[in-house]
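Quick note, the sequences are listed as chains Y and X, same order.
With numbering that gives the first Met the number 0, the residue at position 405 of the first sequence is 404, and numbering never jumps.
With numbering that gives the first Met the number 0, the residue at position 228 of the second sequence is 227, and numbering never jumps.
Protein chains: 2
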Amino acid sequence: MLIVQKFGGSSLANDKLIFNAAQKIINAYNNKNKVVVILSASGNMTDDLINHASKINFNYSKRELDMFLSTGETQSVALMAMALHKLGYPAVSLNCMQAGIFATNNYNNARIEKVEPERILNELDKNNIVIITGFQAINSYNDIVTLGRGGSDTSAVAIAVALNADVCEIYTDVDGIYTADPRIIPSAKKISQINYDQMLELSSLGAVVLHNRSVELAKKYNIKLVVRSSLNDNEGTLIGDVKKVEKTLVNGIAVDKNVAVISIVGLEDEPGMVFKLFSLLSRNKISVDLIIQSIGRQNTKDISFTLAREFLDETLNILERNNDFLRYDHLMSDETVAKLSIVGSGIASNPKIAMMMFEAIYNEGINIKMISTSEIKISILVNEDEVQRAAEAVHKNFIDIQNSK
Amino acid sequence: MLIVQKFGGSSLANDKLIFNAAQKIINAYNNKNKVVVILSASGNMTDDLINHASKINFNYSKRELDMFLSTGETQSVALMAMALHKLGYPAVSLNCMQAGIFATNNYNNARIEKVEPERILNELDKNNIVIITGFQAINSYNDIVTLGRGGSDTSAVAIAVALNADVCEIYTDVDGIYTADPRIIPSAKKISQINYDQMLELSSLGAVVLHNRSVELAKKYNIKLVVRSSLNDNEGTLIGDVKKVEKTLVNGIAVDKNVAVISIVGLEDEPGMVFKLFSLLSRNKISVDLIIQSIGRQNTKDISFTLAREFLDETLNILERNNDFLRYDHLMSDETVAKLSIVGSGIASNPKIAMMMFEAIYNEGINIKMISTSEIKISILVNEDEVQRAAEAVHKNFIDIQNSK
Numbered sequence: 000m001l002i003v004q005k006f007g008g009s010s011l012a013n014d015k016l017i018f019n020a021a022q023k024i025i026n027a028y029n030n031k032n033k034v035v036v037i038l039s040a041s042g043n044m045t046d047d048l049i050n051h052a053s054k055i056n057f058n059y060s061k062r063e064l065d066m067f068l069s070t071g072e073t074q075s076v077a078l079m080a081m082a083l084h085k086l087g088y089p090a091v092s093l094n095c096m097q098a099g100i101f102a103t104n105n106y107n108n109a110r111i112e113k114v115e116p117e118r119i120l121n122e123l124d125k126n127n128i129v130i131i132t133g134f135q136a137i138n139s140y141n142d143i144v145t146l147g148r149g150g151s152d153t154s155a156v157a158i159a160v161a162l163n164a165d166v167c168e169i170y171t172d173v174d175g176i177y178t179a180d181p182r183i184i185p186s187a188k189k190i191s192q193i194n195y196d197q198m199l200e201l202s203s204l205g206a207v208v209l210h211n212r213s214v215e216l217a218k219k220y221n222i223k224l225v226v227r228s229s230l231n232d233n234e235g236t237l238i239g240d241v242k243k244v245e246k247t248l249v250n251g252i253a254v255d256k257n258v259a260v261i262s263i264v265g266l267e268d269e270p271g272m273v274f275k276l277f278s279l280l281s282r283n284k285i286s287v288d289l290i291i292q293s294i295g296r297q298n299t300k301d302i303s304f305t306l307a308r309e310f311l312d313e314t315l316n317i318l319e320r321n322n323d324f325l326r327y328d329h330l331m332s333d334e335t336v337a338k339l340s341i342v343g344s345g346i347a348s349n350p351k352i353a354m355m356m357f358e359a360i361y362n363e364g365i366n367i368k369m370i371s372t373s374e375i376k377i378s379i380l381v382n383e384d385e386v387q388r389a390a391e392a393v394h395k396n397f398i399d400i401q402n403s404k
Numbered sequence: 000m001l002i003v004q005k006f007g008g009s010s011l012a013n014d015k016l017i018f019n020a021a022q023k024i025i026n027a028y029n030n031k032n033k034v035v036v037i038l039s040a041s042g043n044m045t046d047d048l049i050n051h052a053s054k055i056n057f058n059y060s061k062r063e064l065d066m067f068l069s070t071g072e073t074q075s076v077a078l079m080a081m082a083l084h085k086l087g088y089p090a091v092s093l094n095c096m097q098a099g100i101f102a103t104n105n106y107n108n109a110r111i112e113k114v115e116p117e118r119i120l121n122e123l124d125k126n127n128i129v130i131i132t133g134f135q136a137i138n139s140y141n142d143i144v145t146l147g148r149g150g151s152d153t154s155a156v157a158i159a160v161a162l163n164a165d166v167c168e169i170y171t172d173v174d175g176i177y178t179a180d181p182r183i184i185p186s187a188k189k190i191s192q193i194n195y196d197q198m199l200e201l202s203s204l205g206a207v208v209l210h211n212r213s214v215e216l217a218k219k220y221n222i223k224l225v226v227r228s229s230l231n232d233n234e235g236t237l238i239g240d241v242k243k244v245e246k247t248l249v250n251g252i253a254v255d256k257n258v259a260v261i262s263i264v265g266l267e268d269e270p271g272m273v274f275k276l277f278s279l280l281s282r283n284k285i286s287v288d289l290i291i292q293s294i295g296r297q298n299t300k301d302i303s304f305t306l307a308r309e310f311l312d313e314t315l316n317i318l319e320r321n322n323d324f325l326r327y328d329h330l331m332s333d334e335t336v337a338k339l340s341i342v343g344s345g346i347a348s349n350p351k352i353a354m355m356m357f358e359a360i361y362n363e364g365i366n367i368k369m370i371s372t373s374e375i376k377i378s379i380l381v382n383e384d385e386v387q388r389a390a391e392a393v394h395k396n397f398i399d400i401q402n403s404k
């Protein structure tokens, strides 16, 4: 078999953990597999580097930040190769230039376009364990770009696709995908199997276990993903073309605290206005999440949308610069909100579920600021400092009901 | 003018120093020069990384160490570009792959073979200040190699050659080249001009201001070097095709503490033995420094040579493995020695100089373990814990005499 393994920063935060991860790699190699390993930067290194860059220049260039951040994964892969050598195994580290990982031009948030795996295949032919930097790629200017937070998952899947790997194992500090983040909600249950679409909803909701794009890619090329812990031998969660999905009303509850909301008040109610607005944001590489449009007063409408907090200032700026063209009345924004979401294939067909969620929130006396629903999920915005209480209440309500069946 | 500037680790050890170096760069840029900057890793980062690697695997692979170390300079160049942007100047960082710096295959100690400066020239055409990682290059396997301690100087000169630069400025934490290391001997005097050969002798003696290979390259292509401080505007030392060298008996005194000595006792006295010995070491990429051959007993000879301490174990190993072939009696080694050297164009023609050196050492009651002389230098080995006292005594003797003239 050809196995791709990916280890996140929390699995590499110190030398002991590095040797721990090395043991997982060796186990796979000893079972006569070819093994390719993708690594993140260790521990909090990426955050530390961003802080350092901010101190030098608060408005750092995105290109230079990517150059700077790339050193995190480079250090990880070199240390891991040294650790594997120490344990008596052949290994070689490759950076994104050497591994042939190419991406779109946009710094800080590039998208992998292709992997040219010649060097990786050569090293595998020499029986090497191949250790590759995640999170980074080369763009058409031959510059280093990074793939956005969690991007190493996508590196792993893209490499698995290019190598036609049998499985892509994502090692992290939790045992798998849970019905909610067990660090927030201790009563959360592990899911043993889940299909790509459900996982996509879960990760788009801010369940930080997997990078969204990695699941999309895995779905497109039908790569089997396994999410499991680097600290034990528990089975983890299989994400794949799963036929027999467990029957639960709600597969997961997710909390995302990196949320800001912008409301555009009094937008002229004429055809194409929404298209103009979001194509403007898209041209500026601003990703929005939830979008709600409500009827405004006197032939106008109000549009609210959420986005990651780091894009708030830039987005407000863009909107202000384009007021001539968008002709809205005024802007409002709030970055003290958080998003609580539930996801499950039964949601659309069972109106009770939404009701049960709102009931749990109401019983806690928490105010809901925004609601968005789809076929298989419901997301609400609440105050950030109330979101954990809200999540626990919602989770308890669903687990209680499922257990009582 | 096209100016190449190089800043060493001590000039980049914290954010304040980075902005300080940025100001030197801006001064050159504002004077209508094109500016290319080569940076080392900041402060003690290289040493810290080597320590970390040793903790993971004491016998780390040289290839992986180079991959690991390369992150030091990469961080420097990204931060410097951010600092220059902060001050309002256009700048772009390039790593060795982007800058097109190619070297021989040997990890940890590669030699630059060529620079393909297309990208550098493109960025200069866009009026960018171009910031390039020193110390690192690409080898024929497309792997990262490093150039040995101090290698960033050579990066700077090699790039200056490729760009046909008008001058290559080496910024460091001292004001220029001194008659002795002013950190060791406070009475040392700054040299305002020196020619390449004298500088070569000085730097091969362990005067750590400039990487030896950088001076060789500068001499070969007649690149004007200026060594000066990043902390003040003092004039520094010009190293070039200097006609009017200052008339002093001794240009410099240097101390090198990274010295081990190996003696091969009882080598058969037959033709070709010395060639066999040193070609064996050369094939194994071991650089030796001083070599002394003395007459042994009963048709044998003894050979002693010095080398950097990190190569001692490996070299002893190689010699032991090849005893069948070399047929010596036994080996001796010592890594508690240090080298004290004096250099000056007057040495060969004035036998008094050696005498004065030995007299100063004798007056201090210090034992000389080995002596080697050339046209323009005298080197001696003494116990490491006596070398500073020896250096001060020798320096005082020469300065006193020169002042009394």
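Backbone N, C-alpha and C define an ideal beta-carbon position, used for all residues, glycine too.
Remember, predicted model here, so these are calculated numbers, not experimental data.
Best match in X/Glu63, X/His329, X/Ile261, X/Ile137 for proximity to X/Asp312 [C-alpha to C-alpha]: Residue mapping note: residue 312 of chain X aligns to position 313 of the second sequence, counting from 1. The residue with the shortest Cα to Cα distance from X/Asp312 is X/Ile261.
Could you check whether the Cβ of X/Lys54 sits closer than 8 angstroms to any Cβ belonging to chain Y? In the second sequence, the residue the question calls residue 54 of chain X occupies position 55. Judged by the 8 angstroms Cβ criterion, X/Lys54 is in contact with chain Y.
In this structure, what does DSSP give as the bridge partners for Y/Glu267? On the first sequence, residue 267 of chain Y is found 268 positions in, with the first residue counted as 1. Answer is Y/Thr299.
Quick check on the DSSP output: the alpha helix (DSSP H) that includes Y/Phe101 runs from which residue to which? Counted from its first residue, the first sequence places residue 101 of chain Y at position 102. Counting along the chain, Y/Phe101 falls outside any alpha helix (DSSP H), though it belongs to the beta strand (DSSP E) covering 100-102.
Just verifying my parser: in three-state terms, what is the DSSP assignment at Y/Ser403? Taking the first residue of the first sequence as position 1, residue 403 of chain Y is located at position 404. Legend: pLDDT at Y/Ser403 = 44, less than 50; position of this residue unreliable, value from coordinates given subsequently. Residue state, collapsed to three classes: helix.
Contained alpha helix (DSSP H) runs [length at least 4] in the segment 120-162 of chain X, N- to C-terminal order: 150-162
With 9 angstroms as the limit, tell me which residues of the segment 6-28 of chain Y have their beta carbon closer than that to any beta carbon of chain X; keep them in chain order. Asp14, Ile17, Phe18
Sequence-distant residues of the same chain with beta carbon closer than 6 angstroms to Y/Met406, five excluded per side: Residue 406 of chain Y lies beyond the stretch modelled for chain Y, which goes from 0 to 404, so this question has no answer here.
Residues near X/Asp174 in its chain [Cβ-Cβ closer than 6 angstroms; skip 5 each side]: Against the second sequence, residue 174 of chain X aligns to sequence position 175. Closer than 6 angstroms at Cβ, skipping near neighbours: Lys189, Ser228, Asn233.
Give the single residue among Y/Met96, Y/Glu112, Y/Asp268 whose Cα lies nearest to the Cα of Y/Ala161. Your numbering for residue 161 of chain Y matches position 162 in the first sequence. The candidate whose alpha carbon is nearest that of Y/Ala161 is Y/Glu112.
How would you write the range of the beta strand (DSSP E) that X/Met331 sits in, first residue to last? By one-based count along the second sequence, residue 331 of chain X stands at place 332. That run of the beta strand (DSSP E) goes 329-342.
Would X/Ile263 and X/Tyr327 qualify as a contact pair, given that the criterion is a beta-carbon distance under 8 angstroms? What you label residue 263 of chain X is simply residue 264 of the second sequence in a count that begins at 1. What you label residue 327 of chain X is simply residue 328 of the second sequence in a count that begins at 1. Yes, they are a contact pair.
Establish whether the CB of X/Ser431 and some CB of chain Y are separated by less than 8 angstroms. Any property of residue 431 of chain X remains undetermined from this structure, which presents chain X solely from 0 to 404.
Round the Cβ separation of X/Val214 and X/Leu237 to the nearest angstrom and send it over; I've been treating them as touching at under 8 angstroms. Residue numbering aside, residue 214 of chain X sits at position 215 when the second sequence is read from its first letter. Residue numbering aside, residue 237 of chain X sits at position 238 when the second sequence is read from its first letter. That pair is no contact at about 13 angstroms.
Kindly indicate the opening and closing residues of the beta strand (DSSP E) around Y/Phe324. Locating residue 324 of chain Y in the first sequence gives position 325, counting from the first residue. Where Y/Phe324 is concerned, there is no enclosing beta strand (DSSP E), although the alpha helix (DSSP H) it sits in stretches over 322-325.
Cα-Cα, which of X/Asp65, X/Asn127, X/Glu72 is closest to X/Val91? Residue numbering aside, residue 91 of chain X sits at position 92 when the second sequence is read from its first letter. If we check each option's Cα against that of X/Val91, X/Asn127 comes out closest.
What are the start and end residues of the beta strand (DSSP E) that includes Y/Met272? The sequence position of residue 272 of chain Y within the first sequence is 273, counting from 1. Here Y/Met272 belongs to no beta strand (DSSP E); instead the alpha helix (DSSP H) covers 272-282.
When burial is assigned at 16 or more other CB atoms within 10 Å of the CB, is Y/Val273 buried or exposed? Against the first sequence, residue 273 of chain Y aligns to sequence position 274. Y/Val273 is exposed by the Cβ-count criterion.
Proximity of X/Thr73 and Y/Thr70 at Cβ, strictly below 8 angstroms: Position 74 of the second sequence holds residue 73 of chain X. Position 71 of the first sequence holds residue 70 of chain Y. Yes, the pair counts as a contact, with Cβ atoms nearer than the cut-off.
Cα-Cα separation between X/Ile176 and X/Ser191, rounded to whole angstroms: The count along the second sequence starts at 1 and reaches residue 176 of chain X at position 177. The count along the second sequence starts at 1 and reaches residue 191 of chain X at position 192. Each residue's Cα considered, the two are about 8 angstroms apart.
Taking Cβ-Cβ distances shorter than 8 angstroms, what residues in chain Y pair up with X/Thr73? Residue 73 of chain X sits at position 74 when you count from the first residue of the second sequence. Under the 8 angstroms cutoff, chain Y gives Met66, Phe67, Ser69, Thr70, Thr73.
Give the DSSP bridge partners of X/Val173, in chain order. Looking up residue 173 of chain X in the second sequence gives position 174. None; X/Val173 has no bridge partner.
X/Tyr106 CB to nearest chain Y CB: under 8 angstroms? What you label residue 106 of chain X is simply residue 107 of the second sequence in a count that begins at 1. Chain Y contact via Cβ: absent.
Can you give me the Cβ contacts of X/Asp172 inside the same chain, cut-off strictly under 8 angstroms, excluding the 5 residues immediately before and after it? For the purposes of this step, residue 172 of chain X is identified with residue 173 of the second sequence, where counting begins at 1. Here the set comprises Gly7, Ser9, Ser10, Ser228, Ser229, Leu230.
Could you give the first and the last residue of the continuous alpha helix (DSSP H) run that contains X/Ala20? The residue labelled residue 20 of chain X in the question sits at position 21 within the second sequence. Counting along the chain, the alpha helix (DSSP H) containing X/Ala20 begins and ends at 14-29.
The segment 78-99 of chain X: which residues have C-beta closer than 7 angstroms to a C-beta of chain Y, in chain order? Leu78, Ala80, Met81, Ala82, His84, Lys85, Ser92, Met96, Gln97
Along the chain, where does the beta strand (DSSP E) that runs through X/Arg182 open and close? Start at 1 with the first residue of the second sequence, and residue 182 of chain X comes out as number 183. Looking at the DSSP string, X/Arg182 is not in any beta strand (DSSP E), and its letter there is neither H nor E.
Note down the Cα distance separating Y/Phe397 from Y/Met355, rounded to an integer number of angstroms. Along the first sequence, one-based indexing puts residue 397 of chain Y at 398. Along the first sequence, one-based indexing puts residue 355 of chain Y at 356. Going by the C-alpha atoms only, they are around 8 angstroms apart.
Which of helix, strand or coil DSSP assigns to Y/Arg227: Counting from one through the first sequence, the residue named residue 227 of chain Y turns up at place 228. Strand, per DSSP.
Cα-Cα, which of X/Ala109, X/Ala159, X/Asn163, X/Thr178 is closest to X/Val144? The sequence position of residue 144 of chain X within the second sequence is 145, counting from 1. Of X/Ala109, X/Ala159, X/Asn163, X/Thr178, the residue nearest in Cα terms is X/Ala109.
List, in chain order, every chain X residue whose beta-carbon is nearer than 9 angstroms to that of Y/Asn283. Looking up residue 283 of chain Y in the first sequence gives position 284. Result: empty, since nearest Cβ-Cβ is about 20 angstroms, beyond 9 angstroms.
Hey, quick one: how far does the beta strand (DSSP E) through Y/Lys5 stretch, first residue to last? Locating residue 5 of chain Y in the first sequence gives position 6, where the first residue counts as 1. Here the beta strand (DSSP E) through Y/Lys5 covers 1-6.
Would you say X/Gly239 and X/Leu216 are within 8 angstroms of each other, going by their C-beta atoms? Working through the second sequence from its first residue, we reach residue 239 of chain X at position 240. Working through the second sequence from its first residue, we reach residue 216 of chain X at position 217. Going by C-beta atoms, X/Gly239 is not nearer than 8 angstroms to X/Leu216.
Need the endpoints of the beta strand (DSSP E) that X/Ala77 sits in, please. Counting from 1 along the second sequence, the entry for residue 77 of chain X is found at position 78. That residue, X/Ala77, is in no beta strand (DSSP E); its alpha helix (DSSP H) goes 61-85.
Along the segment 134-166 of chain Y, where does the CB come closer than 7 angstroms to a CB of chain X? Name the residues. Asn141
Assign Y/Gln22 to buried or exposed, taking buried as 16 or more other Cβ atoms, counted over all protein chains shown, within 10 Å of its Cβ. On the first sequence, position 23 is the one that residue 22 of chain Y refers to. It is exposed - the Cβ of Y/Gln22 has fewer than 16 other Cβ atoms within 10 Å.
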